[in-house]
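Visitor: Before anything else, here's the structure in question.
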Amino acid sequence: MYDVVPSVAVTDAWSSMFVQDGIFWQFLAYCAGTGGSALIIGSAAGVAVMGLERIDFVWYLKKISLLAILGYFAGAGVYLLMFA
C-alpha cells in the first residue's frame, strides 16, 4: 500500500514555489512558446509557413535556428534578470 502523507508533505513544500500566476508559470509559458521557434516544426504556425512559403526544413535549420536559439536564451536571460 502507498503512504500518501510523505507525498503531501513534499507537495505542500513545493506549492509555495509554484503559486498561481507566479513567475515559474510565466517563465514556463515563455519557454514553451518561444522554444518552439527554434525548429520550424515546433509550432503550428511554423508548419503552416513551411507549406505556404515553400521553406525547406534543412534551410531553416541552417539559416534561422541558431538565431532563434540565441534570441530564446537572450530573452530567458533578460526575464531571469528582471524577475529572479
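If you're matching positions, the sequence shown starts at 0 in numbering that gives the first Met the number 0 and goes up one per residue. All residues carry an ideal CB built from backbone N, CA and C; glycine is no exception.
1. Throw me the rounded Cβ distance for the Tyr29 and Ala75 pair, which I believe falls under 8 Å.
2. Enumerate in chain order the residues of its own chain whose CB-to-CB distance from Gly34 is below 8 Å, with the five nearest sequence positions on each side excluded.
3. Looking at the secondary structure, which residues open and close the alpha helix (DSSP H) in which Leu91 lies?
4. What's the gap between the Cα of Ser92 and the Cα of Leu51?
5. For Gly35, name the three-state secondary structure that DSSP assigns.
Guide: Once the coordinates are examined:
1. Your numbering for residue 29 matches position 30 in the sequence shown. Your numbering for residue 75 matches position 76 in the sequence shown. Contact holds; Cβ gap of about 7 Å.
2. As a first step, residue 34 is located in the sequence shown; it is residue number 35 there, counting from the start. Here the set comprises Gly41, Tyr71.
3. Limits of the chain in this structure are 0 at one end and 83 at the other, which puts residue 91 out of reach.
4. The chain is shown from 0 up to 83; residue 92 falls before or after that span and cannot be answered.
5. Taking the sequence shown and counting its residues from 1, one reaches residue 35 at position 36. Of the three classes helix, strand and coil, the one that applies to Gly35 here is helix, per DSSP.
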